[in-house]
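Written below as structure tokens is the structure these notes are about.
In the numbering used here, the protein residues as written are 1 to 130.
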């Protein structure tokens with residue numbers, strides 16, 4: 001029975017799992033939208049929401065806690081400067097998981113994880129009027 005056991009093993013040993021989740025969270029905060037499998041998406045959502053909450057706290061200790069997990073100074077700066085202001089009036093629920101079907105090859109359920117408020121910038125091709 002799996003009562004009161006939080007988290008998923010994701011088929012990896014603890015050090016590999018921690019490194020993988022760090023990389024995925026860093027990519028999510030950098031690009032604001034990533035494609036991954038559904039179990040990884042659910043784990044990433046937990047961590048990303050905690051990181052954004054640290055960014056909203058904004059003190060030195062919170063910045064050092066975020067740096068201990070993310071380890072990329074540019075992303076931590078973005079987290080504390082841009083994202084903390086963007087989610088200042090929101091109490092949790094900073095990420096969204098959108099299921100996209102299965103992956104061709106192993107039929108793994110895939111999902112898009114994005115930050116709430118993410119808007120994709122679409123550049124329209126220039127039309128020459130003659």
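No residue lacks a Cβ here, since even glycine has one placed at the ideal position from N, Cα and C.
Everything numeric in this text was worked out from a predicted model, so none of it was measured.
- Closest option to residue 7, judged by alpha-carbon separation, among 36, 40 and 27: 40.
- In the structure shown, residue 114 adopts extended strand secondary structure according to DSSP, grouped into three states.
- One thing to note: residue 76 has its Cβ no nearer than 7 Å to the Cβ of residue 94.
- Going by C-alpha positions, residue 100 is about 17 Å away from residue 44.
- Contact between residue 80 and residue 55 holds: CB atoms are separated by about 5 Å, below the 8 Å threshold.
- Non-local beta-carbon contacts of residue 47 in its own chain, meaning distances under 8 Å to residues more than five positions away in sequence, involve 21, 25 and 69 in chain order.
- Nearest in C-alpha terms to residue 27, of all of 124, 114 and 122, is 114.
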